[in-house]
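**Q**
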Amino acid sequence: MFRTGETICAPATSGRGAIAIIRVSGPQSLAICENIFFPSDLKIRLGEQKGYSIVRGEIRWNDEIIDDVLVSVFRAPHSYTGENSVEISCHASRYIQQKILELLISNGAVPAQPGEFTQRAFINGKMDLSQAEAVADLVASESEMAHRIAINQMRGAFSNEINTLRADLLHFASLIELELDFGEEDVEFADRNRLTEIVERVLTVTEELASSFSLGNAVKDGVPVVIAGNPNTGKSTLLNRLLSEEKAIVSELPGTTRDAIEDTVVIGGIQFRFIDTAGLRETSDVIENLGIKKTHEKIGTASIVLLVGDINDGSAELSRLLAGVRKQIIGEGKMLIILVNKIDNDIYGNREEFKRNLILMHGEPLLFISAKTGEGIDGLKEQLRSNVDSLGLASESVIITNIRHYEALLQVTDSLRRVKSGLENNLQEDLIAIDIRQAIHYLGEITGEITTDEILENIFKNFCIGK
Ligand SMILES: Nc1nc2c(ncn2[C@@H]2O[C@H](COP(=O)(O)OP(=O)(O)OP(=O)(O)O)[C@@H](O)[C@H]2O)c(=O)[nH]1
Ligand SMILES: [Mg+2]
Numbered sequence: 017m018f019r020t021g022e023t024i025c026a027p028a029t030s031g032r033g034a035i036a037i038i039r040v041s042g043p044q045s046l047a048i049c050e051n052i053f054f055p056s057d058l059k060i061r062l063g064e065q066k067g068y069s070i071v072r073g074e075i076r077w078n079d080e081i082i083d084d085v086l087v088s089v090f091r092a093p094h095s096y097t098g099e100n101s102v103e104i105s106c107h108a109s110r111y112i113q114q115k116i117l118e119l120l121i122s123n124g125a126v127p128a129q130p131g132e133f134t135q136r137a138f139i140n141g142k143m144d145l146s147q148a149e150a151v152a153d154l155v156a157s158e159s160e161m162a163h164r165i166a167i168n169q170m171r172g173a174f175s176n177e178i179n180t181l182r183a184d185l186l187h188f189a190s191l192i193e194l195e196l197d198f199g200e201e202d203v204e205f206a207d208r209n210r211l212t213e214i215v216e217r218v219l220t221v222t223e224e225l226a227s228s229f230s231l232g233n234a235v236k237d238g239v240p241v242v243i244a245g246n247p248n249t250g251k252s253t254l255l256n257r258l259l260s261e262e263k264a265i266v267s268e269l270p271g272t273t274r275d276a277i278e279d280t281v282v283i284g285g286i287q288f289r290f291i292d293t294a295g296l297r298e299t300s301d302v303i304e305n306l307g308i309k310k311t312h313e314k315i316g317t318a319s320i321v322l323l324v325g326d327i328n329d330g331s332a333e334l335s336r337l338l339a340g341v342r343k344q345i346i347g348e349g350k351m352l353i354i355l356v357n358k359i360d361n362d363i364y365g366n367r368e369e370f371k372r373n374l375i376l377m378h379g380e381p382l383l384f385i386s387a388k389t390g391e392g393i394d395g396l397k398e399q400l401r402s403n404v405d406s407l408g409l410a411s412e413s414v415i416i417t418n419i420r421h422y423e424a425l426l427q428v429t430d431s432l433r434r435v436k437s438g439l440e441n442n443l444q445e446d447l448i449a450i451d452i453r454q455a456i457h458y459l460g461e462i463t464g465e466i467t468t469d470e471i472l473e474n475i476f477k478n479f480c481i482g483k
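With the first letter of the sequence shown counted as 1, position 76 gets the number 92 in this note's numbering; the numbers rise by one all the way through.
(1) I need the boundaries of the beta strand (DSSP E) containing Leu86, first residue and last residue.
(2) Using alpha carbons as the reference points, say which of Val89, Asp197 and Ser157 lies closest to Gln507.
(3) Arg182 and Ile456 look like a contact to me (Cβ under 8 Å); what is the Cβ gap, rounded to whole Å?
(4) Counting only the same chain and skipping the five closest in sequence on each side, list residues whose C-beta sits under 6 Å from that of Glu160.
(5) Less than 8 Å between the CB of Glu268 and some heavy atom of ligand 1, yes or no?
(6) Under a three-way DSSP split, which group does Val241 fall into?
(7) Across which residues does DSSP place Phe133 in a beta bridge pair?
(8) Less than 8 Å separating the Cβ of Leu383 from some heavy atom of ligand 1?
(9) In whole angstroms, give me the CA-to-CA distance for Leu472 and Lys142.
(10) Taking the beta strand (DSSP E) that Gln287 belongs to, which residues open and close that run?
(11) Is Ala387 near ligand 1, judged by its Cβ being under 8 Å from some heavy atom?
(12) Nearest-angstrom Cα distance between Leu425 and Ala125?
(13) According to the Cβ coordinates, are Asn256 and Asp326 closer than 9 Å?
(14) Below 6 Å CB to CB, which residues in the same chain sit around Ile415 once its five sequence neighbours on both sides are set aside?
(15) Is Arg19 helix, strand or coil when you go by DSSP?
(16) With which residues is Asp326 paired in a DSSP beta bridge?
(17) Check each candidate in Tyr68, Thr220, Asn403 and Lys310 and name the one with the smallest Cα separation from Ile487.
(18) Which two residues bound the contiguous beta strand (DSSP E) that contains Ser41?
(19) Output yes or no for whether 9 Å exceeds the beta carbon distance between Ser157 and Lys236.
(20) Any heavy atom of ligand 1 closer than 8 Å to the Cβ of Lys358?
(21) Report yes if the CB atom of Leu46 is closer than 9 Å to the CB atom of Gly73, and no otherwise.
(22) Tell me the rounded alpha-carbon separation between Thr280 and Ala128.
(23) What do you reckon, is the C-beta of Thr311 under 8 Å from a heavy atom of ligand 2?
(24) Any idea what DSSP makes of Asp451, helix, strand or coil?
(25) Decide if Lys477 is buried, meaning its Cβ has at least 16 other Cβ atoms within 10 Å, or exposed.
(26) Measure how close the beta-carbons of Gly460 and Asp144 come, nearest whole angstrom, since I'm counting them as under 8 Å.
(27) Comparing the CB of Gly295 with every heavy atom of ligand 1, is any distance shorter than 8 Å?
(28) Would DSSP call Arg76 helix, strand or coil?
(29) Measure the alpha-carbon distance for Asn442 versus Val218 and round it to whole angstroms.
(30) Mind reading off the beta-carbon distance from Ala276 to Ile265? Whole number of angstroms is fine, and I expect it under 8 Å.
(31) Would you mind working out which of Lys59, Arg61 and Gly98 sits nearest Val484, comparing C-alpha positions?
(32) Output the boundary residues of the beta strand (DSSP E) element that contains Ser101.
(33) Does the contact criterion of 3 or more C-beta pairs under 8 Å hold for the region 328 to 341 versus the region 297 to 310?
What follows is the structure in structure tokens.
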């Protein structure tokens, strides 16, 4: 799969815009472009240009002028891929881009595969694997927080952390293995307390990193927030209000929403995925029951549950529902926000009754809102944002968003736990050494120190063409 001899080309931009960029990388980049690009200044020869220079001219083929373009020249190793590269900035017409690609290909370039530019950057040592993966996350980032995590990872924060851990373990392994070499002589180079201390330290950090995954993943795809409650309490109205869009059908009939409806929106730099659900009630309607079953499933996968009640229904019903939902989410690190809706139409003056009678646990917030008029919605947004902060995003700590890293970290923690108990139980050095080597191996998989074609293929196939 990994070709390095060829010169590859692909559009690096997509969608509608005024300008597009065609990327070319590989040993023949300049030679191929010289065949189709004619500098406006006749004294200039593209193949003689220094790196980081830009030349203006025309793309031509057989006297036909295709476009007026700017060509940027990059010289190995000072390019994204580490190879000689050229970027052609042309007008964004699909016809022009297609034509330029055809010309490049007929002059010896080959179409790039998804992620092939970044793959070359990795192979040429411009970045390690987790940094390469962060490039795809950066391109896809839709919110301030997703962007921050991706750019930190791309700039090496995560890799540095992993490399430090790996260095600690390598040091540990060398001590243990030295003892093995002197096996017969029964010497102890490695102080057991010191070894235990190293392992415990590394274990704590890897456990923390692994546990940041569920949050990191949520931030990348949108923190899932389920809107649940009895029928007709205004859940769909709330969804529409939060999305500023008439996404879900609203009606005065209870049981309107049957299927879960979801969409994302960025609030305070964090992307949330709001999921409107079928109202919870006893019903003989088969389809509605399927919807209610789905509501329970969605509550199970949510990070935050918004439990919505109607102010005119009084607190008793909401209390009952609250107890059920709490049971469902207990111990799962999920958060509950209780919303009393329709305060614009508080017929009986029930607000105090809710405050008096609803029993709130673990600091569950109780907010009074009107999904219809928007009153209290800013407060809800602030609450959502601070809920996410309290999950650990506010800190500058490294957050894992990638399942591959997560799985590798789980392997590392498993191995290290075995090492720890091995040390505690005075296990033989050679057995401890095996687990240490395994932990080192899995840390190396994250950064690509150790890798297989299969791993690389899986990573880069998810990239877009031209990246
Ligand atoms: N006065 C007032 N009416 C509201 C408010 N929010 C929703 N409603 C009305 O309440 C009725 C039900 O609203 P929906 O948003 O469809 O309620 P739902 O919870 O999605 O209902 P189901 O999908 O049937 O479970 C509609 O007539 C809404 O216009 C509010 O804040 N104030
Ligand atoms: Mg609804």
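Just so it is clear, CB atoms sit at the ideal spot from N, CA and C, and this is done for glycine as well.
**A** So, to answer that:
(1) In the sequence shown, counting from the first residue as 1, residue 86 sits at position 70. Run containing Leu86: Glu80 to Phe90, per the beta strand (DSSP E) assignment.
(2) The requested residue 507 does not occur in the structure, where the chain is confined to residues 17 to 483.
(3) On the sequence shown, position 166 is the one that residue 182 refers to. On the sequence shown, position 440 is the one that residue 456 refers to. Contact flag correct, Cβ pair sits at about 6 Å.
(4) The residue given as residue 160 occupies position 144 in the sequence shown. So the list reads Gly285, once near-sequence residues are dropped.
(5) By one-based count along the sequence shown, residue 268 stands at place 252. Yes, since a heavy atom of ligand 1 falls inside the 8 Å radius drawn around the Cβ of Glu268.
(6) Counting from 1 along the sequence shown, the entry for residue 241 is found at position 225. Val241 falls in the strand class under three-state DSSP.
(7) Counting from 1 along the sequence shown, the entry for residue 133 is found at position 117. In DSSP, Phe133 forms no bridge with anything.
(8) The residue labelled residue 383 in the question sits at position 367 within the sequence shown. No, ligand 1 has no heavy atom inside 8 Å of this Cβ.
(9) Residue numbering aside, residue 472 sits at position 456 when the sequence shown is read from its first letter. Residue numbering aside, residue 142 sits at position 126 when the sequence shown is read from its first letter. Spanning the two alpha carbons is a distance of roughly 16 Å.
(10) For this step, residue 287 is matched to residue 271 along the sequence shown. First-last of the beta strand (DSSP E) with Gln287: Ile286 to Asp292.
(11) For the purposes of this step, residue 387 is taken as the residue at position 371 of the sequence shown. Yes.
(12) Looking up residue 425 in the sequence shown gives position 409. Looking up residue 125 in the sequence shown gives position 109. Looking at the two C-alpha atoms, the distance is approximately 40 Å.
(13) As a position in the sequence shown, residue 256 is number 240, starting the count at 1. As a position in the sequence shown, residue 326 is number 310, starting the count at 1. In this structure, Asp326 does not lie closer than 9 Å to Asn256 by Cβ.
(14) As a working note, residue 415 is residue 399 in the sequence shown. Only Ile165, Ser228 and Gly232 meet the Cβ criterion.
(15) As a working note, residue 19 is residue 3 in the sequence shown. In this structure, Arg19 counts as coil in the three-state DSSP scheme.
(16) The sequence position of residue 326 within the sequence shown is 310, counting from 1. DSSP output for Asp326 lists Asn357 as bridge partner(s).
(17) Here the chain has residues from 17 to 483 only, and residue 487 is not among them.
(18) Indexing the sequence shown from 1 puts residue 41 at position 25. Ile35 to Ser41 is the span of the beta strand (DSSP E), which, as asked, contains Ser41.
(19) The residue you call residue 157 lines up with position 141 of the sequence shown. The residue you call residue 236 lines up with position 220 of the sequence shown. Taking 9 Å as the Cβ cut-off, Ser157 and Lys236 qualify as a contacting pair.
(20) Taking the sequence shown and counting its residues from 1, one reaches residue 358 at position 342. It does: the Cβ of Lys358 is within 8 Å (strictly closer) of some heavy atom of ligand 1.
(21) The sequence position of residue 46 within the sequence shown is 30, counting from 1. The sequence position of residue 73 within the sequence shown is 57, counting from 1. No, the pair does not count as a contact, with Cβ atoms beyond the cut-off.
(22) For this step, residue 280 is matched to residue 264 along the sequence shown. For this step, residue 128 is matched to residue 112 along the sequence shown. Cα-Cα distance, rounded: 32 Å.
(23) Along the sequence shown, one-based indexing puts residue 311 at 295. Because no heavy atom of ligand 2 lies under 8 Å away, the Cβ of Thr311 does not count as near it: no.
(24) Indexing the sequence shown from 1 puts residue 451 at position 435. Looking at Asp451 - three-state DSSP - the assignment turns out to be helix.
(25) Sequence index remark: in the sequence shown, residue 477 carries index 461 (1-based). Burial call: exposed.
(26) The residue given as residue 460 occupies position 444 in the sequence shown. The residue given as residue 144 occupies position 128 in the sequence shown. Not really, about 10 Å apart at Cβ, beyond 8 Å.
(27) Taking the sequence shown and counting its residues from 1, one reaches residue 295 at position 279. Yes, since a heavy atom of ligand 1 falls inside the 8 Å radius drawn around the Cβ of Gly295.
(28) In the sequence shown, the residue the question calls residue 76 occupies position 60. Residue state, collapsed to three classes: strand.
(29) Looking up residue 442 in the sequence shown gives position 426. Looking up residue 218 in the sequence shown gives position 202. Approximately 20 Å between the Cα atoms of the pair.
(30) Position 260 of the sequence shown, counted from the start, is the residue given in the question as residue 276. Position 249 of the sequence shown, counted from the start, is the residue given in the question as residue 265. Not quite, the Cβ-Cβ distance comes to about 13 Å (not below 8 Å), so this is no contact.
(31) The question about residue 484 has no answer here: the residues shown for the chain are numbered 17 through 483.
(32) Locating residue 101 in the sequence shown gives position 85, counting from the first residue. Ser101 to His107 is the span of the beta strand (DSSP E), which, as asked, contains Ser101.
(33) no
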